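The opening position of the sequence shown corresponds to residue 385 in the numbering used here, with each subsequent residue numbered one higher.
For each residue, glycine too, the CB sits at the ideal point set by N, CA and C.
Note that the structure is predicted; figures quoted are calculated from it, not measured.
See structure below.
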Amino acid sequence: MLPGMDRARIESKLNYTFRRPEWLRQALVHPSAGQGRAEQLAYERLEYLGDAVLELVVSTELFRRYPEADEGVLTKMRASIVSRKHLAQLAAQLDWGAQLTMSPQLEKSGGRAASSILANTFESIVGAVMMDAGYEPACAVARRLLAGSWPQAEAWVAANPKGELQEVLQALDGVGPTYRVVQVQEVPPAFEAVALWGVREIGSGCGSSKHKAEVAAAADALARRVFATPDQGA
């Protein structure tokens, strides 16, 4: 085994025992550890494989869980679950950063806590299960690791109404929204915002900051869905 690698602990959290532990070993080697030695296999190929497994598992699970959701919403849900940020958070909770083999320089610079490295590790371990036992066991492991992610999918999508409104309007006519914000109260601060498409008002909202008011206006526009083509005015 590799220095610092606790196979029993990893397998316990995965609820999976590797028949060929060399796959797990490879999944926990960062490219920086190779120092140019061809025999030192790193996690990059397994990361590639695990990414594909996760995409399919998440796509299938969301398709089943949300039968009324259209393709656009499902795509956003999937993106939020397989995002580098979310996978890194899951890997950090599992303490997989401590299990990695990497160069001393990378370790000193905080590599064990780096989001990109943690996300890559999450994918590589799923890929390692795939190589060790095949697709179905890899899917089962992925579902267990993501067990707490499904109920949050809708909340993640709803948390960014400005971004969603931007996508909806640009898909319709290539023109995104703009916002007009006015301060209506100084203490405590209060703002009112109007979401505009061209010169037409399509939503409004209030908030304790300009940003919060714009978010409320975007959410109102999404709820009203009064979209046709942008009115650019005379």
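{"query": "Arg564, DSSP secondary structure in three states", "result": "strand"}
{"query": "Buried versus exposed, by CB contacts within 10 Å (16 or more), Asp435", "result": "buried"}
{"query": "Opposing strand residues paired with Leu580 [DSSP bridges]", "result": "Thr562 and Glu585"}
{"query": "Closest Cα partner of Ser396 within the set Asp479, Leu430, Met461 and Glu439", "result": "Asp479"}
{"query": "Of the listed residues Leu438, Met514 and Leu606, nearest to Glu406 (C-alpha basis)", "result": "Met514"}
{"query": "Helix, strand or coil at Gly495 [DSSP, three-state]", "result": "helix"}
{"query": "Sheet register partners of Cys590 (DSSP bridge)", "result": "Glu576"}
{"query": "Exposed unless 16 or more other CB atoms sit within 10 angstroms - verdict on Pro535", "result": "exposed"}
{"query": "Sub-8 Å separation of Ala482 and Leu502 beta-carbons", "result": "no"}
{"query": "Beta-bridge partners of Val466, as assigned by DSSP", "result": "Note: Val466 sits in no beta bridge, so no partner."}
{"query": "Selected residue, minimal CA-CA separation from Phe611, among Val552, Phe575, Asp454 and Ala601", "result": "Val552"}
{"query": "Thr485 (DSSP reduced to helix, strand or coil)", "result": "strand"}
{"query": "Burial state of Pro545, where buried means 16 or more other Cβ atoms lie within 10 Å", "result": "buried"}
{"query": "Candidates Gly591, Val510, Thr485 and Gln569, of which the one nearest Met389 by Cα", "result": "Thr485"}
{"query": "Whether Leu438 touches Val525 by CB criterion (8 Å)", "result": "no"}
{"query": "Presumed contact (8 Å Cβ cut-off) between His470 and Ser533, rounded CB distance", "result": "7 Å"}
{"query": "Paired residues, beta bridge with Val413 - DSSP", "result": "Thr485"}
{"query": "Alpha carbon of Ala531 to alpha carbon of Ser493, nearest angstrom", "result": "32 Å"}
{"query": "Beta carbon of Pro561 nearer than 8 Å to that of Ala543", "result": "no"}
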